[in-house]
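Novice: Chains A and B are the protein sequences, given in the same order. Sequential numbering from 10 applies to the first sequence in my numbering. Sequential numbering from 10 applies to the second sequence in my numbering. Quick reminder that beta carbons are idealized off the backbone N, C-alpha and C, glycines included. One structure follows; several queries about it will come next.
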Amino acid sequence: MIHINQLKKSFGKNLVLDRVSKKFAASGIDIIVGINGSGKTTLLNCICDITPFESGAITIQDVDRKEKTAKENMYYIPSEFYLPDYLTGYEYARFVFSRYPHADEKTFDFFIELYHLTPAVHQKISDYSYGMKKKLQLSIALSLNVSFILADEVFNGLDYESYLLTDYIINLYSRQVKFILVTHNMDYINRNPRADTYLLDAGSLELVTDVKKIEEIVMNRGDLKDAYEKIDRFVYRFQNIAE
Amino acid sequence: MKKLIDSFTVSKILLNEIFHNIFSSPIFRKKRNRYAVLALFAAAYIAYYILNMSQLNQMFVTKDQLTNALEMNLFSSLSNVIIIIAGFIYLIVTISFSLTKKMQYQLKILPFEKDSVVMGSILFKLLLSYFSFLIIFAIIIPMLKLFYFSNTLNLFIFVYCQILFFASITCYHFVFHTLIQRIRLTKFNLNIILLVAFLFFYFFVFRFQIDQKFMQSGLAVHIPLVGSLILCLLVIIGLVGYGIYVLKPDDDDVYLSHDFFLWKRIKQMNYFMVIVLGFIRNKLTLSLIGIVCLIAILSYVDTRDMTITLTTLLYVYPIVSFSAIRYFSTTTSYRTLNPLFRLDAALETMTTTILNIILHLPLIIIVLFLPIDEIQIMHYGLILFESALIMSIIFPKHKSSVNEFAASVLCIVLAIGLFLISDNILLFGIIFIVLIGIKYYLLERSTYIEAV
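Below is the structure:
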């Protein structure tokens, strides 16, 4: 279980996470949504010890997130590619495997083949496309035999076939592994009604019981309505000038 | 005309990138202030030159002691030194300068006239080279103590030196870039190999022959001669510059910068290997190692003497340390995840220090096991590596196209300073440990900054 207790994080005067508390169970899929800048990536970064925070605590299987055993239990696929350009995909995978005690190379080979990455795995990562980098990270994550996989916008850049494939794999693996996914992909959210979806807004994390209402919530809470009206006025004014 | 304006705009964009911090300060925001500072700088520079060339020199040589032949010899030496310095500056700029991805993107999508990006970046490189030349020239001015010329002639020689630098750089670019690209000899960095070979033979062979020829020519250094030479050089610059414009390749390599070469695949991976591969696959490291090997080979071909070859190798080997200038940029793409992989600043400091020692093993072996008493060079190499690595953290390449260049210049200044005081082992040990400490502090701090 990942236990977040009273997590507080701000950037300067901007309070991003305001005493967030949450327990993520040991398996299943949890989805975090929220507008840009609401702190979704920061939350994942805090869990993975990438970003320090002011107060609160995060434990992974009852062990502080900074401890070796805690880190050996989780893997993070960030939205930006933090990959060494000069290594091949295979070399990078071998490096990550050297940091995890239960990594399984056969699983890696299986997923690499499944994602049609076999010819590219011995090329430099700098030569990879956006989607290829995502597939490489997914293949590594699934081969580590960790309890928690955190992923930020994991479906971005995947072709539709790979997207469906990844959706299927995550569903299957989620029986034993916990996936915490940050995504804006409404199609994915709608396709996975069994997943718990949380809205991160104004520093707090709330469970959304009816995912169909996400658009409605965003409309009501954000400035979207005002923005629509502004756009209308702006466009019509230009049309009038043109006429 | 539009092309010319666009070329200037491109070089201005690139210059803004380097001097962004300086020109953003309130004093430099006004154009008038910028020109005033530039004029003041130029006046101070010329005054410094004149002072060094006239007043101080009288202490060493009187007018009666000078002969035409000696004057000519000194003048010829000065010219040769400038040609060689221009060559080395061109080599450093060619190896170390490449546009950042951000800048490449900006220049490529903006609607500039065709070729103006290429011409603009040539112009920019020229300005960058000239800036470095001014620094080096300022250092060598006090060494030119043997001249005894009138102030007017000194001024003419000053202008001559500047024009000679531009002429040399233009010729280097024409021969080792434009022509070589035309005849498709750029594979395996052949242009760099040829340039290094040229500089080697010019430095060790040709310049003495040229000095001899000038001494025996019977000519005297006077204003008409220097003036004529300036005119000749201007004509050369014009003609060669036109040649560069006319013969420029259809697609220049402004955008192409393969930073890494995959020349061996590794099966057993760990953190140390990740760091090592970042070094040995880097284009800069390979270029520097190539240059060192080439100079050693040329030295052997020239002298057929192993001791001289090893001594030459010893003296040039420390330039390999400059490869550390790319360290931070190379590792920056993945260092955000270091905490997740349980990699901290202490481990990184230790790993890079071990790598420094391994990289300098050839130097250490030569110094310790061969009868060449130059332990200071070994100190120098180790210190230079740590300095370069520190500079790479302070001026990361990925943040600006010229950070690497700025870091190289600062690194040379820092390393020379440290070299001069590191002649005994105790002092070297202290400096080495202090540098490692600074490296650790910066790595620790950068982890936090990058993460936030």
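Tell me the rounded alpha-carbon separation between Asn280 (chain A) and Asn154 (chain A).
Specialist: Nothing in the structure corresponds to residue 280 (chain A), since chain A is present only between 10 and 252.
Novice: Do Val220 (chain A) and Thr192 (chain A) have their C-beta atoms within less than 9 Å of each other?
Specialist: Here the question's residue 220 (chain A) lines up with position 211 in the first sequence. Here the question's residue 192 (chain A) lines up with position 183 in the first sequence. The answer is no: Cβ separation not under 9 Å.
Novice: Tell me the rounded alpha-carbon separation between Ile289 (chain B) and Arg313 (chain B).
Specialist: By 1-based counting over the second sequence, the position of residue 289 (chain B) is 280. By 1-based counting over the second sequence, the position of residue 313 (chain B) is 304. Each residue's Cα considered, the two are about 30 Å apart.
Novice: Starting from the C-beta of Thr68 (chain A), find all residues in its chain whose C-beta is less than 6 Å away, skip the five residues before and the five after it, and write them out in chain order.
Specialist: In the first sequence, counting from the first residue as 1, residue 68 (chain A) sits at position 59. The residues are His12.
Novice: Please classify Pro348 (chain B) as buried or exposed, where buried requires at least 16 neighbouring CB atoms within 10 angstroms.
Specialist: Locating residue 348 (chain B) in the second sequence gives position 339, where the first residue counts as 1. Looking at its Cβ environment, which holds 16 or more other Cβ atoms inside 10 Å, Pro348 (chain B) is buried.
Novice: What residues in its chain sit with their C-beta under 6 Å from that of Val325 (chain B), if we drop five residues either side in the sequence?
Specialist: If you number the second sequence from 1, residue 325 (chain B) lands on position 316. Val301 and Ile304, listed in sequence order.
Novice: Let me see if you follow: with CB-CB separation under 9 Å, is Phe269 (chain B) close to chain A or not?
Specialist: On the second sequence, position 260 is the one that residue 269 (chain B) refers to. Phe269 (chain B) counts as touching chain A.
Novice: Helix or strand or just coil, what does DSSP make of Leu190 (chain A)?
Specialist: As a working mapping, residue 190 (chain A) is identified with position 181 in the first sequence. Strand, per DSSP.
Novice: Looking at C-alpha atoms only, which residue of B:Gln385, B:Lys222 and B:Ile55 is the closest neighbour of Asn82 (chain B)?
Specialist: In the second sequence, residue 82 (chain B) corresponds to position 73, counting from 1. Among B:Gln385, B:Lys222 and B:Ile55, the Cα nearest to that of Asn82 (chain B) belongs to B:Lys222.
Novice: Can you list, in chain order, the stretches of the alpha helix (DSSP H) that have 4 or more residues and sit fully within the region 308-345 of chain B?
Specialist: Listed in chain order, they are 315-325 and 336-341.
Novice: Under DSSP, the alpha helix (DSSP H) around Ala204 (chain A) begins and ends at which residues?
Specialist: Walking along the first sequence from the start, residue 204 (chain A) turns up at place 195. First-last for Ala204 (chain A): undefined, no H or E at that position.
Novice: Would you say Thr360 (chain B) reaches chain A, if we count a Cβ-Cβ gap shorter than 9 Å as a contact?
Specialist: The residue labelled residue 360 (chain B) in the question sits at position 351 within the second sequence. Not an interface residue.
Novice: I'd like to know whether the C-beta of Phe140 (chain B) is nearer than 9 Å to at least one C-beta of chain A.
Specialist: Stepping through the second sequence from its first residue, residue 140 (chain B) is reached at position 131. For Phe140 (chain B), the answer is no, since every Cβ of chain A falls outside 9 Å of its Cβ.
Novice: Would you list the one or two residues that DSSP bridges to Ala66 (chain A)?
Specialist: On the first sequence, position 57 is the one that residue 66 (chain A) refers to. The partner list for Ala66 (chain A) (beta bridge, DSSP) reads A:Asn14.
Novice: Between the alpha carbons of Ser141 (chain B) and Val130 (chain A), how many angstroms are there, rounded?
Specialist: Taking the second sequence and counting its residues from 1, one reaches residue 141 (chain B) at position 132. Taking the first sequence and counting its residues from 1, one reaches residue 130 (chain A) at position 121. Their backbone Cα atoms lie some 43 Å apart in a straight line.
Novice: Can you tell which of B:Ile178, B:Gly426 and B:Thr341 has its C-alpha closest to the C-alpha of Ile98 (chain B)?
Specialist: Residue numbering aside, residue 98 (chain B) sits at position 89 when the second sequence is read from its first letter. Cα-wise, what sits closest to Ile98 (chain B) is B:Ile178.
Novice: Among B:Ile439, B:Asn291, B:Val285 and B:Ser86, which has the Cα closest to the Cα of Phe215 (chain B)?
Specialist: Walking along the second sequence from the start, residue 215 (chain B) turns up at place 206. The candidate whose alpha carbon is nearest that of Phe215 (chain B) is B:Ser86.
Novice: Taking 9 Å as the threshold (C-beta atoms), are Ser107 (chain A) and Met278 (chain B) in contact?
Specialist: To locate residue 278 (chain B), count along the second sequence from 1; it is residue 269. To locate residue 107 (chain A), count along the first sequence from 1; it is residue 98. Result yes, Cβ atoms of Met278 (chain B) and Ser107 (chain A) sit closer than 9 Å.
Novice: With DSSP collapsed to three states, give me the class of Met10 (chain B).
Specialist: As a first step, residue 10 (chain B) must be located in the second sequence, where it is residue number 1. Met10 (chain B) falls in the coil class under three-state DSSP.
Novice: By DSSP, does Ser135 (chain A) sit in helix, in strand, or in coil?
Specialist: Working through the first sequence from its first residue, we reach residue 135 (chain A) at position 126. It is helical.
Novice: Quick check: the Cα distance between Leu137 (chain B) and Val244 (chain B), rounded to an integer number of angstroms?
Specialist: For this step, residue 137 (chain B) is matched to residue 128 along the second sequence. For this step, residue 244 (chain B) is matched to residue 235 along the second sequence. If I take the Cα positions, the gap works out to 23 Å.
Novice: Please report the distance separating the alpha-carbon of Thr339 (chain B) from that of Ala53 (chain B).
Specialist: Translated into positions along the second sequence, residue 339 (chain B) becomes position 330. Translated into positions along the second sequence, residue 53 (chain B) becomes position 44. Each residue's alpha carbon lies about 40 Å from the other.
Novice: From Ala333 (chain B) to Gly446 (chain B), what distance separates their C-alpha atoms?
Specialist: Translated into the one-based positions of the second sequence, residue 333 (chain B) becomes position 324. Translated into the one-based positions of the second sequence, residue 446 (chain B) becomes position 437. When rounded, the distance between both Cα atoms is 16 Å.
Novice: Give me the subset of the region 117-133 of chain A whose CB atoms are less than 7 Å from a CB atom of chain B, sorted by chain position.
Specialist: Hits within the stretch, in order: His131 and Lys133.
Novice: So what does DSSP say about Tyr91 (chain A), is it helix, strand or coil?
Specialist: The sequence position of residue 91 (chain A) within the first sequence is 82, counting from 1. Tyr91 (chain A) falls in the coil class under three-state DSSP.
Novice: Helix or strand or just coil, what does DSSP make of Arg43 (chain B)?
Specialist: Residue mapping note: residue 43 (chain B) aligns to position 34 of the second sequence, counting from 1. Here Arg43 (chain B) sits in helix by DSSP.
Novice: Compare the C-beta of Ser296 (chain B) against all C-beta atoms of chain A and say whether one is closer than 9 Å.
Specialist: Here residue 296 (chain B) refers to the residue found at position 287 when the second sequence is read from its first residue. Taking Cβ atoms only, chain A never reaches closer than 9 Å to Ser296 (chain B), which makes this a no.
Novice: At 3 residues or longer, and completely inside the region 157-232 of chain B: list those beta strand (DSSP E) runs for me, N to C.
Specialist: Within the region 157-232 of chain B, no complete beta strand (DSSP E) run reaches 3 residues.
Novice: With Phe157 (chain A) and Ile134 (chain A) assumed to form a contact (beta carbons below 8 Å), what rounded beta-carbon distance in angstroms separates them?
Specialist: Position 148 of the first sequence, counted from the start, is the residue given in the question as residue 157 (chain A). Position 125 of the first sequence, counted from the start, is the residue given in the question as residue 134 (chain A). With 8 Å as the limit, Phe157 (chain A) and Ile134 (chain A) do not qualify as a contact, their Cβ atoms being about 24 Å apart.
Novice: Is DSSP giving Asp15 (chain B) helix, strand or coil here?
Specialist: As a working mapping, residue 15 (chain B) is identified with position 6 in the second sequence. Here Asp15 (chain B) sits in helix by DSSP.
Novice: Between Val464 (chain B) and chain A, is there a C-beta pair that is closer than 9 Å?
Specialist: The displayed coordinates of chain B run from 10 to 461. Any statement about residue 464 (chain B) would go beyond what the structure contains.
Novice: Helix, strand or coil for Leu356 (chain B) per DSSP?
Specialist: Here residue 356 (chain B) refers to the residue found at position 347 when the second sequence is read from its first residue. If DSSP states are grouped into helix, strand and coil, Leu356 (chain B) belongs with the helices.
Novice: Would you mind reading off the limits of the alpha helix (DSSP H) that contains Arg184 (chain A)?
Specialist: In the first sequence, counting from the first residue as 1, residue 184 (chain A) sits at position 175. It is not in any alpha helix (DSSP H) - Arg184 (chain A) carries neither H nor E in the DSSP assignment.
Novice: Assuming contact is defined by CB atoms lying nearer than 9 Å, are Ile466 (chain B) and Ile145 (chain B) in contact in what I supplied?
Specialist: As displayed, chain B neither begins before 10 nor continues past 461, which places residue 466 (chain B) out of reach and without an answer.
Novice: Which of the three DSSP states, helix, strand or coil, is assigned to Ser213 (chain A)?
Specialist: Translated into positions along the first sequence, residue 213 (chain A) becomes position 204. The answer is strand: DSSP assigns Ser213 (chain A) an E or B state.
Novice: Is Gly37 (chain A) helix, strand or coil when you go by DSSP?
Specialist: Within the first sequence, residue 37 (chain A) is the residue found at index 28, counting from 1. Strand.
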